[in-house]
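> FYI, the numbering for the sequence shown is -21 to -1, 1 to 70, going by mature numbering (1 follows the signal peptide of the UniProt record, and there is no 0).
Handing you a structure now.
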Amino acid sequence: MKRFWISVVVTAVAGLGLATAAPAYSAADAQAQATPKGWNYEIKGGKRVPKGDRVTKADGSWREEMRHGKCVTVKEKTATGEYRESRRCDD
């Protein structure tokens, strides 16, 4: 019976140690991961999708260009909130 209680105490101490160490380990691991330079893809729906080159101005307007093979999609939003999207394909 004494052996049973010793194993219960040892298991509880090990579980408590693991429970306190796991969050610290995962936080350190998350800080170590960084997005590589030149990374130009986003993951959407489990697939790689090219990320656009967005240029934002001080007034809140922006312009984004995305390439899809020979085609270029340009998305623009003005400071007044107007959104425009155009697509051009070169032959």
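All C-beta atoms, glycine included, are put in the ideal place defined by N, C-alpha and C.
At 4 residues or longer, what runs of the alpha helix (DSSP H) sit wholly inside the stretch 35 to 59?
Counting whole runs of 4 or more residues, the stretch 35 to 59 contains no alpha helix (DSSP H) stretch at all.
> Please report the Cβ distance between Ser65 and Val53, rounded to the nearest whole angstrom; I am assuming they are in contact, meaning their Cβ atoms lie under 8 Å.
Here residue 65 corresponds to residue number 86 of the sequence shown, with the count starting at 1. Here residue 53 corresponds to residue number 74 of the sequence shown, with the count starting at 1. The pair is a contact, with the Cβ atoms about 5 Å apart (cut-off 8 Å).
> Is it the case that the Cβ atoms of Glu55 and Arg46 are separated by a distance below 9 Å?
Here residue 55 corresponds to residue number 76 of the sequence shown, with the count starting at 1. Here residue 46 corresponds to residue number 67 of the sequence shown, with the count starting at 1. No, these two residues do not count as a Cβ contact at 9 Å.
> Which partner residues of Glu64 appear in the DSSP bridge assignment?
As a working note, residue 64 is residue 85 in the sequence shown. Per DSSP, Lys54.
> Straight-line CA distance for Gly(-5) to Phe(-18)?
As a first step, residue -5 must be located in the sequence shown, where it is residue number 17. As a first step, residue -18 must be located in the sequence shown, where it is residue number 4. If you take the alpha carbons of Gly(-5) and Phe(-18), they lie about 20 Å apart.
> I need the straight-line Cα distance from Lys30 to Glu44, nearest angstrom please.
The residue you call residue 30 lines up with position 51 of the sequence shown. The residue you call residue 44 lines up with position 65 of the sequence shown. Roughly 9 Å separates the two Cα atoms.
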